[in-house]
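One structure below.
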Amino acid sequence: MLSRFFKKVTGIFKHQPMDPLAKQYLNYLKSSYPNNHNYKVKKNRLIPSRELSKRYKRIRDLLPDPLTSLVDIGSSKGFFVFIASNNPDTSRCLGIDVYQYDIDVCQWLKGYLHNDKARFEFLRLHELAERIDEFGGPFQTVLMVNMYQYLYFGSVRCPEHYQDHDEIFKHLRKICSERIIFNNRVNVADCQNVEQIAKASEEHGQNYSEEKIKEAASKYFNVVPRGTLGKYPLWSMEVKEAAVSATSMAELKEVFDTWINDLEFRAQFKKNPEKALVDAGFQFDAAKLQQIKSLVQQQESRIKNEELDKRFSR
732 MLSRFFKKVT GIFKHQPMDP LAKQYLNYLK SSYPNNHNYK VKKNRLIPSR ELSKRYKRIR
792 DLLPDPLTSL VDIGSSKGFF VFIASNNPDT SRCLGIDVYQ YDIDVCQWLK GYLHNDKARF
852 EFLRLHELAE RIDEFGGPFQ TVLMVNMYQY LYFGSVRCPE HYQDHDEIFK HLRKICSERI
912 IFNNRVNVAD CQNVEQIAKA SEEHGQNYSE EKIKEAASKY FNVVPRGTLG KYPLWSMEVK
972 EAAVSATSMA ELKEVFDTWI NDLEFRAQFK KNPEKALVDA GFQFDAAKLQ QIKSLVQQQE
1032 SRIKNEELDK RFSR
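This is the structure:
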């Protein structure tokens, strides 16, 4: 009985109190604004709040498969970036934000989780577009969740804003090679940044509408409605082939021949196209990757059709 008592007392003395900064950060992640982005960290696992869990499930259904790279514009507490970084097919995960405290918290959590894949930077959208090559080139997937109103009108944290919708989508096209997942307030009456809206010119405010946003986005992307999320439109935006710069047939043929003749390359390409091309020694950008994917998909369909034809002819 005495030995049990000493074991209990020893255990109390062995317990190390949590670092005050760590406690502050963990409390911030689970209970702070915005509430729909709160989550707990338990045994190195992220446990989303009910509201965040619902939001993530809808967004997860729209992610490309495989998910090779992702950037979250206005990453807040970093949940989507950290979750994407757990995907073995995902080679690059970036979150950008203009609130330094959120960046600091995410940088701390990255170290706490021993996560080498997630990355967070204090950057605005146009700064990322200008420096995109420093981050490995355009990202396959871009998240734009409850952020668009702040890009267009500005916010308390960052009063600077973009001049029009075209400027925003031009930057988005530069950082995106395949898909944007877009969930935002698209009518000015629904926006939260009322102080910034009040300071905007009449014309700038009148041009903030679902029709105008879709019109600007459609110049660079095919906009596909996916219902609503949190009462506001959920869209997927696919990069338009017409917006992709031409790639020489010789370059495409070289990659295509490798895909046809090298089964290992073909298997790796299916899992992670960007990594497969790099490992095989190919130099590519977003435009080339998009064209290569289209060519491969066409070839896969042709092969399947040929196999079906052979079966029916027997």
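Sequential numbering of the sequence shown, starting at 732, is according to this note's numbering.
For glycine and all other residues, C-beta sits at the position ideal for the given N, C-alpha and C.
Same chain, Cβ closer than 6 Å to residue i, neighbours up to 5 away in sequence not counted
| i | result |
| --- | --- |
| residue 802 | 825, 870, 873 |
| residue 841 | 849 |
| residue 889 | 829 |
| residue 818 | 798 |
| residue 867 | 823 |
Pair within 8 Å by beta-carbon distance, residue i and residue j
| i | j | result |
| --- | --- | --- |
| residue 770 | residue 780 | yes |
| residue 918 | residue 941 | yes |
| residue 849 | residue 812 | yes |
| residue 792 | residue 807 | no |
| residue 910 | residue 795 | yes |
| residue 782 | residue 767 | yes |
| residue 800 | residue 822 | yes |
| residue 993 | residue 963 | no |
| residue 960 | residue 836 | no |
Where residue i sits in the DSSP three-state scheme
| i | result |
| --- | --- |
| residue 800 | strand |
| residue 821 | coil |
| residue 958 | strand |
| residue 753 | helix |
| residue 763 | coil |
| residue 964 | strand |
| residue 859 | helix |
| residue 828 | strand |
| residue 849 | strand |
| residue 916 | coil |
| residue 733 | Reliability of the predicted coordinates at residue 733 is poor, the pLDDT of 46 falling under 50, and the value obtained from them is presented with this limitation in mind. Three-state DSSP puts residue 733 in a helix. |
| residue 838 | helix |
| residue 999 | helix |
| residue 888 | coil |
| residue 978 | Annotation note: pLDDT 47 at residue 978 (below 50); position unreliable, coordinate value reported separately. Note: residue 978 maps to coil in three-state DSSP. |
| residue 908 | strand |
| residue 690 | With the chain running from 732 to 1045 in the structure shown, residue 690 is simply not present. |
| residue 943 | helix |
| residue 894 | coil |
| residue 718 | What the structure shows of the chain is the stretch from 732 to 1045, and residue 718 is not part of that stretch, so it cannot be assessed. |
| residue 971 | coil |
| residue 773 | strand |
| residue 953 | strand |
| residue 1046 | Past the edges of the chain, shown from 732 to 1045, lies residue 1046, and the structure says nothing about it. |
Rounded distance between the beta-carbons of residue j and residue i, thought under 8 Å
| i | j | result |
| --- | --- | --- |
| residue 900 | residue 948 | 5 Å |
| residue 882 | residue 892 | 7 Å |
| residue 915 | residue 937 | Residue 915 to residue 937, Cβ: 18 Å. No contact. |
| residue 810 | residue 777 | 6 Å |
| residue 844 | residue 775 | 6 Å |
| residue 790 | residue 912 | 6 Å |
| residue 955 | residue 967 | 5 Å |
| residue 839 | residue 939 | The pair is not a contact, with the Cβ atoms about 36 Å apart (cut-off 8 Å). |
Beta-carbon contacts of residue i that lie in its chain and below 8 Å, excluding the five residues immediately before and after
| i | result |
| --- | --- |
| residue 1000 | 990, 1007, 1008, 1027 |
| residue 943 | 896 |
| residue 750 | none |
| residue 785 | none |
Own chain, CB closer than 7 Å to residue i, minus 5 neighbours either side, in chain order
| i | result |
| --- | --- |
| residue 971 | 951, 952, 953 |
| residue 804 | 827, 856, 873, 874, 875, 878 |
| residue 1011 | 989, 996 |
| residue 1003 | 797, 799, 820, 822 |
| residue 957 | 793, 965, 966, 967 |
| residue 1054 | For the chain, the structure presents residues 732 to 1045; residue 1054 sits outside this window and is missing. |
| residue 945 | 954 |
Short CB-CB distance (under 8 Å) between residue i and chain B
| i | result |
| --- | --- |
| residue 1000 | The structure shown contains no chain B; it is built from a single protein chain. |
- Query: Does the region 904 to 913 touch the region 857 to 868, meaning 3 or more C-beta pairs lie closer than 8 Å?
  - Reply: Verdict: yes, contact present.
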